[in-house]
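Presented below is the structure to which this report refers.
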Amino acid sequence: MFSERLSDIWHSTTFRLGIRFMTLFAVSFVIVGTFMYWQTETFMERELRSLIEAETAELQDFHNRLGPERVAQEIAERQQDDPFAVGVLLDEDCQPVTESPDWLAHQDQPGELCENADPDGWLLFELDLAQPDSRFGTGEWDDDVYGRLVPLSDDYQIIVGRMVGNLENTQGIIFDVLSWGLLFTLGLAIIGSISMARSVNNRLESINSISRQIRRGDLSRRMPSTKGGDEFDRLGGNLNEMLDQIEKLMMGVRDVSNAIAHDLRTPLTRLRNHLEQVRDDAHSDQMREQIEETLGEADALLATFRSLLKISQIEAGNRRREFGEVGLNELVDDIVELYEPLATEKNLQLTTSAATSVSASGDRDLLFQAISNLVDNAIKYTPTDGTVDIQLGERPSGTRIEVADSGTGIPPAERERVFERFFRLETHRSSPGSGLGLSLVAAVVTLHGGSISFEDNYPGLRVLINLPRA
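Per the working numbering: the sequence shown = residues 440 to 909.
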C-alpha cells in the first residue's frame, strides 16, 4: 500500500511541477550564491590590499622620518602583536638587514621572493612556520601569505604582507553556509512537493472514488466540496450539476422503461390467462396447438418485461442491501446440477474446477442468475460433443469466475455491443432469446463493483468476471 501511494505521488503532476520549480530555484540559488561568493572574495581581497597598502605607506613614512632602524623595530612589534602580520626589512640584494625572522628562515631562497613579485610588487608565497606557543592554540602555521614588495630607498626595501588563512576560512564558511542552505532548501522543497502532491492526490482520490461508485450505478453520489471555493470545488460543482442532469435523464428513461414494462405486463398476463381458458374450451387439437404457440410467445414477452424490470432494479442499486458473503463453490455446484440435464441432451461435457474455497461479497440470487445466463448461452451456442467449463480462482485483486466453451464465440468487433439491451448477433437472430441476457449479466457485475471481458478460447469463447475481495 505504501509503495502504491509513493508511486502515485511520484507520478503526480503536482509533485513533478514541484520538482521543476525546485530545480529552477536550486539553479537560481547556485547562481546567486556563486555571485555572492565571488563578490565576497573580491571585497575581502580588496580590503586586504588596502590594509597592506596602508601599512606599507605607514612604514615608508617611518623610514622617511626615523630611518630604517625604526622601520625594523616597528615591523617586529607588529608581528609580535598580530600573528597574521608578516614583514621584513631588506637590502638592495633582497637580504634581511636585521636578524632573519622565523618565517623567512623557513624559506629555501629568500631572494626568490623579490624575483616572484609582479611589476606592482604584489606576491603570494606559502608559509610553513612552527609556532607551538601561539596564543591561538595552533601548533603549526601552514598558510599562504599575500604581500607586497615596496622600495624605501636605493638601499632598502620592505615586504609587508598578511596571512590569508582568515580570508580562506571566511570563504570556506561562506561556501559551507551556501552548501548547507542549498541542501536545506532542496529538502524543504522536496517535503513541500510531497505534501502538496499528497494533498492534491487526496482531493483527486475522493473524486475518483465517487466516480467509481457512480460508474457502478450509484447515480446519487456527488463530488465533495470544501468551504475554500478553490478550483477543485468549482470542478466538483460543475460535475455535480452535470450528474444532476444525467440522473434526471436516466431516471426519466428508466421510469419510461419501467412504466412500459409494468403497464404491458398486466394486459399480457390477462391475455395469457384468457388464452388458457380458450385452450381449455377448444374443440380441436389444431386450435389447441395454435393457442399453445401463442401462449409460448406471450410467455417470452412476459419474460422480456421481467428481465427489463430486473435490470432496471439492479441498475438502481436497490439490491446492495442484500449483499453478504457468497460461497461461489456451492453456487456453481447448484448451477451445474441445474444445467447438467440440458448439457447431457446435447452430449456436452459440463465441468467445474476450483483450486480453493472461493467466496465473494454480493447478492447470491443475482450472482446465480448472472452465471446461469453465461452457462445457458454457452450450452445454447456450443455444438454437440463440445465442452463447457466453469472455473473459480483467487487473484490478488479479488475473485475470478471463468465460463469457457468450444462454441462459435463472438467476433471481437461485436464484443462491446453484446451488453446493449436487445442486441443480438445476426447469426443468432433466428434462435430463441430477447437479447437481454448479457445486459443483465453486465448489470449484476457492475453492481458488485466487478468487471467482465471476453477472450478467445480456441475454439469458442471465454468469459472472465473479476469481482473485488469479500
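Even glycine gets a Cβ: it sits at the ideal position worked out from N, Cα and C.
In the three-state scheme derived from DSSP, where H, G and I count as helix and E and B as strand, residue 589 is classed as strand.
The distance from the Cβ of residue 902 to that of residue 842 is about 5 Å, consistent with a contact at the 8 Å cut-off.
The distance from the Cβ of residue 786 to that of residue 823 is about 5 Å, consistent with a contact at the 8 Å cut-off. Looking from the CA of residue 472, the closest CA among 726, 610, 710 belongs to 610.
Residue burial is scored here from C-beta neighbours: residue 906 has at least 16 other C-beta atoms within 10 angstroms and is therefore classed as buried. The stretch 493 to 506 makes no contact with the stretch 476 to 485; the number of CB pairs closer than 8 Å stays below 3. When secondary structure is reduced to three states using DSSP, residue 557 falls in the coil class, being assigned neither helix nor strand. Here the alpha carbons of residue 854 and residue 791 stand approximately 25 Å from one another. Residue 646 is positioned such that its CB atom lies closer than 8 Å to that of residue 662. Boundaries of the alpha helix (DSSP H) around residue 807: 803 to 819. Burial of residue 778 is indicated by the presence of at least 16 other C-beta atoms within 10 angstroms of its C-beta.
Within its own chain, the residues whose Cβ lies closer than 6 Å to the Cβ of residue 771, once the five positions on either side in sequence are excluded, are 791, 829, listed in chain order. In its chain, beyond the 5 residues on either side, 664, 665 have a beta carbon closer than 7 Å to the beta carbon of residue 672.
For residue 648, the number of other beta carbons within 10 angstroms of its own is below 16, and it is reported as exposed. If you look at residue 878, you'll find it isn't in any beta strand (DSSP E); it sits in the alpha helix (DSSP H) that goes 876 to 886. Uninterrupted alpha helix (DSSP H) stretches at least 4 residues long and entirely within the stretch 451 to 537 occur at 452 to 505, 507 to 520, given in chain order.
For the options 475, 735, 600, the alpha carbon positioned closest to that of residue 523 is the one of 600. Rounded to whole angstroms, the separation of the alpha carbons of residue 613 and residue 484 is 15 Å. Runs of the alpha helix (DSSP H) spanning 4 or more residues and lying entirely within the stretch 763 to 790 occur at 767 to 784, in chain order. Taken through DSSP and simplified to helix, strand or coil, residue 603 comes out as coil. Residue 860 sits close to residue 878, with the two beta carbons spaced by under 8 Å.
Residue nearest to residue 727 within the set 851, 521, 680, 718 is 718 (criterion: CA-CA distance). For residue 663, there is no enclosing beta strand (DSSP E), as DSSP marks it with neither H nor E. A distance below 8 Å separates the beta carbons of residue 880 and residue 813.
One alpha carbon belongs to residue 511, the other to residue 615, and they sit about 40 Å apart. Look at residue 839 here: in three-state DSSP terms it is strand.
In the displayed model, residue 860 falls within coil according to three-state DSSP, outside both helix and strand. In the three-state scheme derived from DSSP, where H, G and I count as helix and E and B as strand, residue 597 is classed as strand.
Residue 602 is classed as buried because its beta carbon has at least 16 other beta carbons within 10 Å across all chains shown. Cβ contact annotation for residue 782 (same chain, cutoff 6 Å, sequence separation greater than five): 789, 818, in chain order. DSSP lists 895 as the bridge partner or partners of residue 900. The three-state reading of DSSP puts residue 829 in strand, counting E and B together. In the assembly as shown, residue 470 is an exposed residue. Its beta-carbon has fewer than 16 other beta-carbons within 10 Å. Our two residues, residue 585 and residue 531, have alpha carbons roughly 21 Å apart in a direct line.
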